[in-house]
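Asker: In this note's numbering, the protein residues as written are 1483 to 1918.
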Amino acid sequence: MLSFRYVIFVVWLNLLRLNFLSAANHLRRGLGDEKAPEVINERLEHCTNNGMNWSTENGNIMLNGAPFRLKGANWFGFETPMSVLHGLWIGGTTINNILDFCRAYKINALRIPISLTLALNVDTMIEDGDCVECLSPFSYDAISMLMKKAAKRGILILFDMHNLTTENKNELWYDENFTEEDFIQGWSNIIGTFGSMPNFMGIDIMNEPHGAVTWGMGLDTDWDVASARIAKTLKLMHPSYDRLILVEGIHSGGAPSPYPETDSAYEKFWGSNLDGLYTTLVDVGEELDHLLVYSSHIYGPSLYPHKAFSDPTFPDNMPAIWDKQINFVEGMVNKPVIVGEWGGVNEGDDALLQAVWSAYMAKNCLNDGFYWAINPNSSDLEGLLDDTWFIPNLGKMELMETTQPFPSYFTKPITMNTVCLIHGAYPEGSVCEATG
């Protein structure tokens, strides 16, 4: 016989699922419904028939002349040997379920990691059973399906060149098997295939440059010069390109720093060292400068035990460190910063750090970001969903809500011409609320 506790657990689980589906269906009905409310969080809906016009201004990401408040999440898989989004396997989830989850929690953009090998090979294939709903065996068709379904729900897609291969994270944008020309061609394939889709948000040129990478050192390994060169070449290959271009920082060291190695702010995660901006900006040229966004990644001790995490004052010591590591950028170079990855396990020191970091983001105009990740199978960080790929981690969702309580919100499906959204706002109490 079934135990009483088991019966209670099943009832609770079903109620939780019903509540989630109710929220998702409510929001989905509002998408494209002529009777959908025109005010959310007392912000007015704005519609245009001229498509999307992206730019940056005064540290803001701008969409159609108004600040766009990003609330994003990563969903990985295309960069792995499976070459398709994780979770779509037998007994997993579906693209619709994940997008409905995003819609229910007002996640308005997904950062999708890919590999250079996939980008270069438009005939990359998906193994049987890795994507139950895929009608085609090709990864590019799965990307297209994702983008079309996301556009219907008002969700943007940003691509991230996460690895060169599906096996390893590379230090540089080239190695003994791939040239810079290969790297550019991979991006050209992605832009040429998906760049005309209405919800194509842009590209994160390379994930977490580290190791041999430098910045502003006058070397062939200078990421500031290489990222600009890659962006300019892609513009020549695709003259109509008009979406965002993200350039990440590098690793600890590798760039001139305004403070010594003994300073706790000197030690950084891969992709988060933007110290080079003190001396050398990324020059993508006049045609692309209005699309340039800098990006950083912020994590806690579950990923790597930086010495700041063992300070007796942790986590109260972290805001002063983040002031030096990331909060200087927008004011100094007048460019926005997107936190391309942040997250961690929801317990112990990681939970303490994330609570302080989410409040810091909200207070200091740094709340445009992508949480890592939707996937529950991110072994060192866990996910926004549990192992069933269905039940949200409410602690993580609360962190995202703290960071971006009023995200921009598309009220109708995104098309090449019609774009309707509520632009969103900074969190109440933010130092930039008055100017947001």
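No residue lacks a Cβ here, since even glycine has one placed at the ideal position from N, Cα and C.
1) Measure the C-alpha to C-alpha separation of D1612 and E1910 and round it to an integer number of angstroms.
2) Can you tell which of S1861, K1878, V1815, C1902 has its C-alpha closest to the C-alpha of N1542?
3) Nearest by alpha-carbon distance to V1436: which of S1626, V1775, V1838 is it?
4) Is the distance from the Cβ of L1903 to the Cβ of L1545 below 9 Å?
5) Is E1823 close to chain B? Criterion is C-beta to C-beta, closer than 9 Å.
6) Please state if the CB of G1813 and the CB of G1758 are separated by a distance shorter than 9 Å.
7) When you compare only the Cα positions, how much space is there between P1721 and G1677?
8) Could you work out which residue in A1633, F1620, I1780, R1711 is closest to F1665 when comparing CA atoms only?
9) What is the DSSP secondary structure of M1631, counted as helix, strand or coil?
10) Which partner residues does K1553 have in the DSSP bridge list?
11) For the alpha helix (DSSP H) that P1801 lies in, which residues bound it at each end?
12) Please classify K1878 as buried or exposed, where buried requires at least 16 other C-beta atoms within 10 Å of its C-beta.
13) Hey, how far is the Cα of T1870 from the Cα of I1572?
14) Are G1822 and S1778 close, meaning C-beta to C-beta below 9 Å?
15) For the segment 1552 to 1592, list the beta strand (DSSP E) runs that are entirely contained and at least 3 residues long, ordered along the chain.
16) So E1823 is in the beta strand (DSSP E); what residue range does that whole segment cover?
17) Is it right to say V1913 is buried, meaning 16 or more other beta carbons lie within 10 angstroms of its own, or is it exposed?
18) Residue range of the alpha helix (DSSP H) that N1671 falls in?
19) Taking the alpha-carbon positions, what's the E1749 to T1696 distance?
20) Buried or exposed for F1852, please, with buried defined as at least 16 other CB atoms from any protein chain shown within 10 angstroms of its CB.
21) Extract the residue ranges of the beta strand (DSSP E) inside the segment 1675 to 1757, only unbroken runs of 3 or more that lie entirely within it.
22) Touching or not, the segment 1778 to 1798 and the segment 1822 to 1834, by the rule of three or more beta carbon pairs under 8 Å?
23) For I1625, which beta-bridge partners are listed by DSSP?
24) Spell out a yes or no on whether the segment 1786 to 1801 and the segment 1833 to 1840 are touching, meaning 3 or more CB-CB pairs, one atom from each, closer than 8 Å.
25) Tell me whether T1599 sits in a helix, a strand or coil according to DSSP, three-state version.
26) Look up W1839 in the DSSP assignment and say whether it is helix, strand or coil.
27) Which one of C1584, M1629, E1649 has the shortest CA to CA distance from S1565?
28) DSSP three-state call for H1644: helix, strand or coil?
29) Take W1804 and list the residues in its own chain whose beta-carbon comes closer than 7 Å to its own, dropping the five residues that flank it on each side.
30) For the alpha helix (DSSP H) that contains T1762, what are its first and last residues?
31) Are the segment 1597 to 1614 and the segment 1548 to 1556 touching by the rule of at least three beta carbon pairs closer than 8 Å?
32) If I measure Cβ to Cβ from G1559 and keep anything under 7 Å in the same chain, skipping five residues before and after, which residues do I get?
33) T1703 and A1694 look like a contact to me (Cβ under 8 Å); what is the Cβ gap, rounded to whole Å?
34) Could you check if L1526 is buried or exposed, using at least 16 other CB atoms within 10 Å of its CB as the buried criterion?
35) Is the distance from the Cβ of L1728 to the Cβ of F1682 below 9 Å?
36) Check whether the Cβ atoms of H1772 and A1548 sit closer than 9 Å, and answer yes or no.
Answerer: So, to answer that:
1) So the alpha carbons of these two residues sit roughly 43 Å apart.
2) Checked all of S1861, K1878, V1815, C1902; the closest Cα to N1542 is V1815.
3) The structure shown does not extend to residue 1436, since the chain is modelled only from 1483 through 1918, so no value can be given for it.
4) A contact, by the Cβ cut-off of 9 Å.
5) Chain labels in this structure do not include chain B; a single protein chain is all it has.
6) For G1758 and G1813, no; Cβs fall outside 9 Å.
7) Rounded to the nearest angstrom, the two C-alpha atoms are 12 Å apart.
8) The candidate whose alpha carbon is nearest that of F1665 is R1711.
9) First, the residue type needs correcting, since residue 1631 is Lys and not Met in the sequence shown. If DSSP states are grouped into helix, strand and coil, K1631 belongs with the helices.
10) The bridge partners DSSP lists for K1553 are G1851.
11) It spans 1800 to 1807 - the alpha helix (DSSP H) in which P1801 sits, taken as one unbroken run.
12) In this structure K1878 is buried. Its beta-carbon is surrounded by 16 or more other beta-carbon atoms within 10 angstroms.
13) When rounded, the separation of the alpha-carbon atoms in T1870 and I1572 is 12 Å.
14) Yes, Cβ-Cβ distance for G1822 and S1778 is below 9 Å.
15) Runs of the beta strand (DSSP E) spanning 3 or more residues and lying entirely within the segment 1552 to 1592 occur at 1553 to 1556, in chain order.
16) Start and end: 1819 to 1824.
17) Per the 10 Å Cβ criterion, exposed.
18) The continuous alpha helix (DSSP H) containing N1671 extends over residues 1662 to 1676.
19) Rounded to the nearest angstrom, the two C-alpha atoms are 15 Å apart.
20) Per the 10 Å Cβ criterion, buried.
21) 1682 to 1686, 1726 to 1730, all fully within the segment 1675 to 1757.
22) Because the criterion of three Cβ pairs below 8 Å is met, the segment 1778 to 1798 and the segment 1822 to 1834 touch.
23) For I1625, which the question treats as bridged, DSSP gives no partner whatsoever.
24) Cβ pair count under 8 Å is three or more, so yes.
25) T1599: helix per DSSP, three-state reduction.
26) For W1839, the secondary structure class from DSSP, reduced to helix, strand or coil, is helix.
27) Of the listed residues, the one whose Cα sits closest to S1565 is E1649.
28) DSSP places H1644 in strand when its eight states are reduced to three.
29) Its chain contains Y1842 as the residues whose beta carbon lies nearer than 7 Å to that of W1804, once the 5 sequence neighbours on both sides are disregarded; these appear in chain order.
30) No alpha helix (DSSP H) holds T1762; DSSP gives it neither H nor E.
31) Counting Cβ pairs under 8 Å, fewer than three are found: no touch.
32) Cβ within range, chain order: V1566, L1567, H1568.
33) With 8 Å as the limit, T1703 and A1694 qualify as a contact, their Cβ atoms being about 5 Å apart.
34) By the 10 Å Cβ count, L1526 comes out exposed.
35) 9 Å or more divides the Cβ of L1728 from the Cβ of F1682.
36) Cβ distance not < 9 Å, so H1772 and A1548 don't count as in contact.
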